[in-house]
Amino acid sequence: MMTEINFPNNLDSLYEQERFLREKFIAIIENKPKLSLHLHAIERAMSLAQIMVNYPENDEDFKVIKMLSIRMFNAFGASLTLISSGYHQNSGLVMRDILETVFLIDLFKTDHTAIERWRLADKKKQREEFSPAAVRKALDERDGAHTKKRAEVYKMFSELAAHPNMHSQHMLRPEKGGDIVMGPFMEGTTLEAGVSELGRLAIQAGEIMNAFLPGGWDHENVRANFARIKKEWIETFYR
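Under numbering that gives the first Met the number 0, the first residue of the sequence shown is numbered 0, with each subsequent residue one higher.
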């Protein structure tokens, strides 16, 4: 017997729950100005990606930066949608993708020749020079960093969000020490942690994209507005 061709009621109910949680998400954000600042940083970084893509440069290497900017734009939108719908662990998985992309573009920022090597690399070359671990190592060597902070952040996203292991259960608990739950949920501490990490990534992504844009290219003052939000963000969270 043929299955009825209609939208399953259970999926419709799940969507309604996601919409309800988004309203709760907005209410939490509106009552916490610092969280709102993270959202403004995210919006400004996404706007920078837009003017990056619109910049009239057809060089093959620059097209790579445009493509990676589009990837980050989509990832920020997806991660924020997941957070606001109550899917915190899945949002963290997308954040790791943003982190990898930020690291890769950061490498390209100071070694433009690496862009051509990356886009033409075979599987062996990709693994040896451009795997996430190889990129982090190259950046640490460039910066003379010995603390492995990049690796630590990457590991955090991997353990909490990307890989199925016992650490990932923490992203499925509305309350610390409480039971894990099935489906989306909205809880202040978990929400704040996710939005804060996404805001931090937005500042990093915006800085990297901005470095590739030439002076004077600033449609609708997007770069100036990002600089203003970045200054306020740093003063708020690091001073």
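By construction, the Cβ of each residue, glycine as well, lies at the ideal position given by its N, Cα and C atoms.
Since the structure is predicted, the reported quantities are computational estimates derived from the model, not experimental observations.
Problem set entry | For T189, the three-state DSSP class (helix, strand or coil) | Three-state DSSP puts T189 in a helix.
Exercise. Alpha carbon to alpha carbon, how far is L171 from T100?
Worked result: For the pair L171 and T100, the Cα-to-Cα distance works out to about 26 Å.
For this session: Throw me the rounded Cβ distance for the V134 and L103 pair, which I believe falls under 8 Å.
Result: Yes, they are in contact, since the Cβ atoms of V134 and L103 sit about 6 Å apart, within 8 Å.
Exercise. How is the alpha helix (DSSP H) around I4 delimited, first residue to last?
Worked result: Per DSSP, I4 is not a residue of any alpha helix (DSSP H), being assigned neither H nor E.
Problem set entry | Proximity test, Cβ basis, 7 Å: Y14 and chain B | Included in the structure is just one protein chain, with no chain B present.
For this session: Have a look at E22, R116, F6 and F184 and flag the residue whose alpha-carbon is nearest the alpha-carbon of Q88.
Result: Among E22, R116, F6 and F184, the Cα nearest to that of Q88 belongs to F184.
Exercise. To the nearest whole angstrom, what separates the beta carbons of I97 and A120, a pair I think is in contact under 8 Å?
Worked result: The beta carbons of I97 and A120 sit about 22 Å from each other, so the pair does not count as a contact at 8 Å.
Exercise. The alpha helix (DSSP H) spanning V101 covers which residue range?
Worked result: It spans H87 to T109 - the alpha helix (DSSP H) in which V101 sits, taken as one unbroken run.
Exercise. To the nearest angstrom, how far is it from the Cα of I50 to the Cα of E42?
Worked result: Going from the Cα of I50 to the Cα of E42 covers about 13 Å.
For this session: Whole angstroms is fine: what's the gap from E22's alpha carbon to L106's?
Result: Distance between the alpha carbons of E22 and L106: 39 Å.
Exercise. For K147, which three-state DSSP category applies?
Worked result: In the structure shown, K147 adopts coil according to DSSP, grouped into three states.
Problem set entry | Where the alpha helix (DSSP H) through G176 begins and ends | According to the DSSP assignment, G176 belongs to no alpha helix (DSSP H), since it is labelled neither H nor E.
Exercise. Straight-line CA distance for F225 to L38?
Worked result: About 12 Å.
Problem set entry | Reduced DSSP category for E56 - H, G, I as helix; E, B as strand; rest coil | In the three-state reduction of the DSSP assignment, E56 falls in the coil class, being assigned neither a helical nor a strand state.
For this session: Report whether the distance from the Cβ of A26 to the nearest heavy atom of the ligand FMN is below 6 Å.
Result: For the ligand FMN, the structure offers nothing, since it holds no ligand at all.
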